[in-house]
Amino acid sequence: MGRWFQVSLFALSGDEVCGLSEAHIKRSYEVRHYLANKIESTSNTENKPKSSSIKASLEIFAIQGFPFLLIANAAAFMGFQVRNMGQSWLVLELTDSSFLVGLVNAMPAMALLVLSPIGGVIADRYDRRLVALYGRLIVAIISYFVAFLVGSGTIEWWHLMVTGVLIGIAFALSNPASQTIVMDVVGRERMVAAQSLNTTVSNLGNMIGPAIGGILVAAYGNASVFWLIAGIYTVGSIGFIGVKTKITPSVQGGWRSGFEQMSQGMRYSWNTSQIRWLLIMTMGVIFWGILQPVLPIYARDILEVGASGFGFISAAWGAGALVAALAVFVLGGMPKKGLMSILSVFVMAIGHSVFAASTNYSISLIAIFVSGAAGGIWMTSVFALLQMAVADEMRGRVMGLAMSSLMMMGFG
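Numbering (this note's numbering), first residue to last: 129 to 540.
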């Protein structure tokens, strides 16, 4: 495993790694050659002057349907983060158990982990816009039901487990479509700019949403934040109505062939070295780097800042990710995306370590901000690399596996 990590690092970064056998070096050059032909050829705009890069990036707003896609994906991401924040605080109040906080928050992730590959097949077989729209609409309806339970005072922690599974199923079957449709709308050449802008707007919601949620909980109680969540998901579902794409489904067939296509996607992802290593790295980073289950405990018992402070801690991560993604967008691209994805993981680990050791609220906010910035760079680079490396007819299935990899957060 160590040798293969060296090979992948060598191929991604372009730097020499000593101590490899001739066979490993040969394979590393094959991987590097693959990356050069499959990815870096799409990044020629990175060598253009900064002004032209910014102009090219801004031209993406003129693409029909892209602003609506931005709103839809940003609302979904914001709703997910506000829901985690509000739900974590509510479960902590109901049970006083950090274990149950993590367990309840893990329910959507577990459904996503299992079912996202099926969602990838759906994304390759059906109208991605409609799949994403219906998925978001179902999540909005479930969110209104949860808001009613919280507002009526009848909510129990296990209700949130059940609704979490239902929300996870809806996301699992629609998320690959909502992510894959980005390239359908903007094209391969603008994918890096679109991904960075998508991450920028999403993290703007991630920064604002939890902060507003924390203030609402402190001022008006838990029910208010859940009504906010339901409204956010409603906006997300409406946004897909304005998305326009002429891409037709790439595969056809019945449900039996659907499972064959899912297996084909798994084999393709494993046999394509770059995709395999990106998915493995994603699972590792998400599993070991997740902080959300312990954040409410830190906010209440260690930092002693209450619900509003918890909201600002969650918002600090979004602020860092926002700054990083905005920088990538303004610069018009990201050089050496593979190397940047690896370096950002190390920076994120440093931020996590400082946060874990801190008992000062200001230092904790700075540490989370740094982790969020590194996480934003990591997310942008990894998803851009994945979408540009994969064949068009496999894109939905590979993104389904990527969604499953991200859901290792439920076990972390």
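Where a beta carbon is used, it is the ideal one built from N, C-alpha and C, also for glycine.
Shortest Cα-Cα distance from residue 527 to any of 327, 318, 287, 394 involves 394.
Rounded to whole angstroms, residue 350 and residue 230 show a C-alpha spacing of 18 Å. In this structure, the beta-carbon distance from residue 224 to residue 521 does not fall below 8 Å. In this structure, residue 210 sits away from residue 296, with a CB-CB distance that is not shorter than 8 Å. Proximity of the region 317-325 to the region 243-257 falls short of the contact definition, fewer than three beta-carbon pairs being nearer than 8 Å. Here residue 208 is not near residue 278, since their CB atoms are 8 Å or more apart. For residue 272, the closest C-alpha among the options 193, 291, 286 is that of 291. Under the three-state reduction of DSSP, residue 279 is assigned to helix.
Nearest in C-alpha terms to residue 432, of all of 263, 369, 490, is 490. From the listed residues 480, 450, 360, 467, the smallest Cα separation to residue 269 is found for 360.
Listed in chain order, the beta strand (DSSP E) elements of length 3 or more contained wholly in the region 215-266 amount to none.
Within the region 395-447, the complete alpha helix (DSSP H) segments at least 4 residues long are 401-417, listed from N- to C-terminus. Taking 8 Å as the cut-off, the Cβ atoms of residue 330 and residue 201 count as close.
Put simply, the region 430-450 touches the region 480-496. At least three CB pairs are less than 8 Å apart. Nearest to residue 455 by alpha-carbon distance, out of 362, 516, 474, 323, is 323. Residues 285 of the same chain have their beta carbon placed closer than 6 Å to that of residue 222, with the five preceding and five following residues left out of the count.
A distance below 7 Å between beta-carbons, with the five flanking residues on each side excluded, links residue 191 to the following residues of its chain, in chain order: 313, 314.
Exclusion of the five residues before and after residue 344 leaves 352, 353, 356 as the residues of its chain whose Cβ lies within less than 7 Å of its Cβ. In this structure residue 468 is in contact with residue 505, their Cβ atoms being roughly 6 Å apart against a cut-off of 8 Å. Distances from the CA of residue 274 to each of 358, 189, 406, 300 were compared; the closest alpha carbon is that of 358. Straight through space, the alpha carbons of residue 267 and residue 365 are spaced by roughly 9 Å.
Inter-residue distance for residue 512 and residue 501 is about 17 Å (C-alpha atoms, whole angstroms).
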